[in-house]
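In the numbering used here, the protein residues as written are 1 to 386. We treat Cβ as the ideally placed atom computed from N, Cα and C, and that holds for glycine. Worksheet: the structure to be examined is printed underneath.
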Amino acid sequence: MIPLSEPVLSGNEALYVQECLESGWISSAGKFVSRLEKEVASKVGLSHGVATSSGTSALHLALLVAGVVPGEEVLVSDLTFIAPLNSLRYVGATPVLVDCEPQSWQMNVELVRNFLVRDCETRQGKLFNKASGGRIAALMPVHVLGHPVDIEPLRALASHFELPLIEDASESLGAFYRERPVGSTATIACYSFNGNKIVTGGGGGMLATDDQALAEKARYLSTQAKDDPLYYIHHEIGYNYRLSNLQAAVVVGQLEQLEHFVQKKRQIADFYRKELNTWQGLLDFQVEQDWARSSNWLFTLLLAGRASTSLGSLLETLIENKIQVRPLWQPMHLSKPYSSCQFLHNGRDWSADLVGRAISLPSSANLSEDQLARVCAQIGEFLRCL
Ligand SMILES: *Cc1c(COP(=O)(O)O)cnc(C)c1O
1 MIPLSEPVLS GNEALYVQEC LESGWISSAG KFVSRLEKEV ASKVGLSHGV
51 ATSSGTSALH LALLVAGVVP GEEVLVSDLT FIAPLNSLRY VGATPVLVDC
101 EPQSWQMNVE LVRNFLVRDC ETRQGKLFNK ASGGRIAALM PVHVLGHPVD
151 IEPLRALASH FELPLIEDAS ESLGAFYRER PVGSTATIAC YSFNGNKIVT
201 GGGGGMLATD DQALAEKARY LSTQAKDDPL YYIHHEIGYN YRLSNLQAAV
251 VVGQLEQLEH FVQKKRQIAD FYRKELNTWQ GLLDFQVEQD WARSSNWLFT
301 LLLAGRASTS LGSLLETLIE NKIQVRPLWQ PMHLSKPYSS CQFLHNGRDW
351 SADLVGRAIS LPSSANLSED QLARVCAQIG EFLRCL
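Structure follows, in structure tokens:
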């Protein structure tokens with residue numbers, strides 16, 4: 001089986017884990033946790049990092065410390081893995097779903113602008129959705145598949161309307177927006193170290209911010225909101241969201257290879273594009289924007305023309321031939337828990353269109369050219385028989 005996205009653990013991971021085991025520091029404090037927090041923050045251009053048990057718990061903490069409360073509304077990408085939407089429900093907020101744009105597949109910033117300017121009103125310094133009456137509390141763009149969102153205009157809108165910008169960069173660590181690392185523009189940026197992400201600890205996550213008070217609050221909430229170093233005194237409901245030193249050790253080992261992984265993934269994407277380019281008219285690709293340097297976390301192609309309706313049979317054929325592939329995520333406005341949410345689009349439902357035609361191909365950093373060629377040959381055979 002050629003795997004979709006398998007961790008490559010050939011660096012110092014085992015050495016660092018061994019060090020944890022020998023020192024006894026395996027739990028929620030230790031030098032690898034601190035080192036991970038410093039190194040990720042510095043890589044993404046933010047001053048403070050707080051390691052968490054998962055990317056989802058990082059998102060949950062980000063919303064809590066940004067002050068999002070029940071009944072408030074947050075603009076979030078419609079085309080995304082479901083985790084950021086679930087984190088919104090954990091704080092009782094209502095997602096406002098924003099369609100993607102068809103080139104980069106990221107949140108369409110024009111839709112956000114139109115909504116904030118035309119469909120919202122300011123009362124006593126706060127912004128309200130005219131249709132629902134709910135207060136708009138934050139913007140939550142998700143950088144999907146390793147490609148950044150067009151973040152500069154979004155940042156400008158967030159500043160103008162005084163909204164926190166919470167960026168879900170779980171899939172895009174190592175990517176750049178212009179010269180800046182993805183996440184560096186955020187009020188709070190969140191990352192994931194889940195098993196299939198670009199660097200992994202088996203599980204884990206991180207939030208990063210330039211705001212020391214937000215970082216301290218997040219750390220406090222992640223450790224059951226304990227108010228005294230000795231006595232068990234609590235003034236708030238907290239969470240057990242800390243990352244173990246053992247997992248942090250793995251991620252630190254992985255992080256040393258981040259640039260190498262990104263380089264490999266970009267080579268994999270180049271290979272697929274070049275090799276599959278002969279199928280113009282039947283295949284399309286995500287277009288890397290001028291301002292973007294994608295980490296190509298999961299290379300994803302689109303069926304086009306008369307191949308557009310063949311997604312199911314192509315997925316089946318590849319899986320039968322021991323090539324692990326995946327469709328994209330069901331669009332959030334079509335998934336049951338979020339189907340009643342307001343969905344901003346411009347008359348054409350791009351996320352459903354893309355999801356109906358998209359297939360993610362094997363993208364592990366250790367794939368050989370032979371394996372990549374086998375994937376392309378199998379796709380070619382399928383398209384030839386259409
Ligand atoms: C993976 C992922 C997360 C968080 O994942 P965890 O498994 O909780 O670490 C959040 N958002 C997106 C877009 C993701 O792909």
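Beta-carbon proximity check, residue i vs residue j, cutoff 9 Å
i, j, result
"V74", "L243", "no"
"L165", "A158", "yes"
"I359", "R306", "no"
"D150", "D349", "no"
"A215", "G49", "yes"
"L302", "R266", "no"
"L97", "P337", "no"
"A66", "Q342", "no"
"L154", "V109", "yes"
"D168", "L59", "yes"
"E101", "W297", "no"
"Q378", "L318", "yes"
"S77", "V144", "yes"
"S42", "H147", "no"
"S313", "F382", "yes"
"N366", "E13", "no"
"A189", "L207", "yes"
"T94", "E72", "yes"
"S87", "L63", "yes"
"S335", "I82", "yes"
"S363", "F299", "yes"
"Y191", "G205", "yes"
"A283", "A269", "Looking at the sequence itself, residue 283 is Leu, so the reference to Ala does not match. No, these two residues do not count as a Cβ contact at 9 Å."
Three-way DSSP call (helix, strand, coil) for residue i in this model
i, result
"T317", "helix"
"V91", "coil"
"S170", "coil"
"N240", "strand"
"V252", "helix"
"S77", "strand"
"T220", "Contrary to the premise, residue 220 reads as Tyr rather than Thr in this sequence. Three-state DSSP puts Y220 in a helix."
"L59", "helix"
"H235", "coil"
"F176", "strand"
"V96", "strand"
"L207", "strand"
"P181", "strand"
"L85", "helix"
"E198", "The question names Glu, yet the displayed sequence has Ile at residue 198. It is coil, neither helix nor strand."
"Q230", "Checking the sequence shown, residue 230 turns out to be Leu, not Gln. Three-state result, L230: coil."
"S189", "Note that residue 189 is Ala in the sequence shown, not Ser. Strand, per DSSP."
"L386", "coil"
"L64", "helix"
Ligand 1 heavy atom lying under 8 Å from the CB of residue i
i, result
"C100", "no"
"T56", "yes"
"A225", "no"
"S170", "yes"
"F299", "no"
"N194", "yes"
"L59", "yes"
"V144", "yes"
"F81", "yes"
"G202", "no"
"E84", "Here residue 84 is Pro; the residue named in the question, Glu, does not match the sequence. Yes; taking the cut-off as 8 Å, the Cβ of P84 has a heavy atom of ligand 1 nearer than that."
"G205", "yes"
"K197", "yes"
"C20", "no"
"C341", "no"
"C190", "yes"
What are the uninterrupted segments assigned as alpha helix (DSSP H) that are 4 or more residues long and contained completely in the region 103-160, given in chain order?
-> 109-118 and 151-160
Continuous beta strand (DSSP E) assignments of at least 3 residues falling wholly in the region 8-55 | 48-52
Does the pairing of the region 233-252 with the region 271-278 give three or more beta-carbon distances under 8 Å?
-> no
Contiguous beta strand (DSSP E) assignments of at least 3 residues, all confined to the region 279-313 | 283-285 and 300-303
Along the chain, which unbroken stretches of the alpha helix (DSSP H) at least 4 residues long are found entirely within the region 332-381?
-> 350-355
Give a yes or no on contact between the region 49-59 and the region 5-21, applying the rule of three or more CB pairs nearer than 8 Å.
-> no
Is the region 181-188 close to the region 35-46, with three or more CB pairs under 8 Å?
-> yes
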